[in-house]
Amino acid sequence: MTNQEHLDLLKQGVACWNDWRAKNPTIPPDLKRAELARIDLPKANLSDTYLNEANLSQAHLREANLVGADLSKADLRQATLCYANLTWANLSEADLAAADLTGANLSWASLRLADLSAGKLIGTNLSGTNLTEGNLSQANLNNAILVRTNLQRANLTACSIYGVSTWDVQLEGVIQANLIITLPGAPTITVDDLEVAQFIYLLLNNKKLRDVIDTITSKVVLILGRFTLKRRTILDALREELRKYNYLPIVFDFDKAASRDLTETVITLAHLSRFIIVDLTDPSSAPHEVATVIPQCVVPVQPLLSLQPLIVDEKEVERREYAMFQDLRRRYSWVLPTFRYQDTADVLASLKEKIIDPAELKVKELVQQK
635 MTNQEHLDLL
645 KQGVACWNDW
655 RAKNPTIPPD
665 LKRAELARID
675 LPKANLSDTY
685 LNEANLSQAH
695 LREANLVGAD
705 LSKADLRQAT
715 LCYANLTWAN
725 LSEADLAAAD
735 LTGANLSWAS
745 LRLADLSAGK
755 LIGTNLSGTN
765 LTEGNLSQAN
775 LNNAILVRTN
785 LQRANLTACS
795 IYGVSTWDVQ
805 LEGVIQANLI
815 ITLPGAPTIT
825 VDDLEVAQFI
835 YLLLNNKKLR
845 DVIDTITSKV
855 VLILGRFTLK
865 RRTILDALRE
875 ELRKYNYLPI
885 VFDFDKAASR
895 DLTETVITLA
905 HLSRFIIVDL
915 TDPSSAPHEV
925 ATVIPQCVVP
935 VQPLLSLQPL
945 IVDEKEVERR
955 EYAMFQDLRR
965 RYSWVLPTFR
975 YQDTADVLAS
985 LKEKIIDPAE
995 LKVKELVQQK
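The sequence shown begins at 635 in this note's numbering and counts up one residue at a time.
#1: Look at the alpha carbon of R953 and the alpha carbon of R963, and state the distance between them as a whole number of angstroms.
#2: Go through its chain and collect everything with a Cβ distance to V798's Cβ below 6 Å, but skip five positions before and after it.
#3: The beta strand (DSSP E) spanning L770 covers which residue range?
#4: So, helix, strand or coil for Y966, using DSSP?
#5: Taking the alpha-carbon positions, what's the E875 to A925 distance?
#6: So, using beta-carbon positions, are V701 and T714 closer together than 9 Å?
#7: Distance, Cα to Cα, S907 vs L982?
#8: Taking the Cβ atom as the reference point for each residue, do S751 and A732 lie within a distance shorter than 9 Å?
#9: Measure the Cβ-Cβ separation of V885 and I910 and say whether it is below 9 Å.
#10: Inspect the CB distances between the region 832–843 and the region 860–869 and report whether three or more fall short of 8 Å.
#11: Can you tell me which residues form a DSSP beta bridge with L858?
#12: Let me check one thing: in DSSP terms, what residues is E669 bridge-paired to?
#13: Considering Cα atoms alone, identify which of L938, Y717, K986 is closest to T972.
#14: Helix, strand or coil for S907? Go by DSSP, reduced to three states.
#15: Once the 5 residues before and after A891 are set aside, which same chain residues still bring their CB inside 7 Å of it?
#16: Return the chain-ordered list of same chain residues with a C-beta closer than 6 Å to the C-beta of K853, the five sequence neighbours on each side being excluded.
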């Protein structure tokens, strides 16, 4: 039950209340289940206050200090909480429908199962906030900060998310449909993925970014291989020569890869590439990763293999493709015939005829097949 003495003090106004709080910092106010609808408490010190199940509908709490307050199951419908500090507050199962939380700080607050539908959370700090199973449908999250926010199983249907900042957000089971990425008054553009939304907006409104993406998808050549110090010369020469043809070479050196997930990394780079050059000269050039990438990425693959013999037990042995690669060529048309080269000079002299031209021809064939 509500502590009547505390309630009477509160109703005397913010100045009286804040003065009492300053003189009694160790007493946690007990206002649970209090009837405080439409109360005017701007800048009130309600930190660590028990307000669970209180009726604060249409209350004016602008810039109020609600740090660590217990507002679980409280009625805050249409309440004004602009620029209020609700850090570490407990708002689990609270009803905040149509509440105004513009500029409020809700970092590390718990809003599990809370109703924020049609609420204003413009510029609201939701860093570390627990919104598990919360209802944010039709809420305005423009310019909100969502860093390490827990949105598991939350409902984000028809939210406005223009300018939202999202990093390391937990989205398992979240309902995210018709997210609006444009400002009111502008032609409405919606997406169905919070994490993709920022990228889509930048893509639509940043010509430089579009140019970068066009550059990546039309000019990147991924070079895969194991380039030890002895083989660094050919890598550098190949990279430099590709630049002369206006390509953007990206090298993935299996010799330096350690703890990262090789396959996932290579697949990501392969999807961005116009074509791929795979140097099979070193037998340890990660055949497993290459064999995994090729079926998943419909991108021309040009294998290279040195004619210089391999020294095994002081004997010269002819270098050959590993059997798995031959099978890949039979199964996937985008794997081109292997170009066998004598030395660096041979690669450079034959680059256009034996590597670039066949790869570009295959690019055109693959486009026509789509």
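Note that CB positions come from ideal geometry on N, CA and C, so glycine has one too.
Looking at the atomic coordinates:
#1: C-alpha separation (whole angstroms): 18 Å.
#2: These residues qualify, in order along the chain: L775, A778.
#3: Counting along the chain, L770 falls outside any beta strand (DSSP E), and DSSP gives it neither H nor E.
#4: Three-state DSSP puts Y966 in coil, outside helix and strand.
#5: Whole-angstrom Cα-Cα distance: 27 Å.
#6: No. Outside cutoff.
#7: Spanning the two alpha carbons is a distance of roughly 21 Å.
#8: Yes, the pair counts as a contact, with Cβ atoms nearer than the cut-off.
#9: Not a contact, by the Cβ cut-off of 9 Å.
#10: Output reads no: the region 860–869 does not touch the region 832–843.
#11: BP columns for L858 point to F886, V912.
#12: BP columns for E669 point to N689.
#13: The candidate whose alpha carbon is nearest that of T972 is L938.
#14: In the structure shown, S907 sits in coil (DSSP, three-state: anything other than H, G, I, E or B).
#15: Note on A891: pLDDT 46, under 50, position unreliable in the model; no value is reported.
#16: Cβ neighbours of K853 beyond the five flanking positions: Y881, L882.
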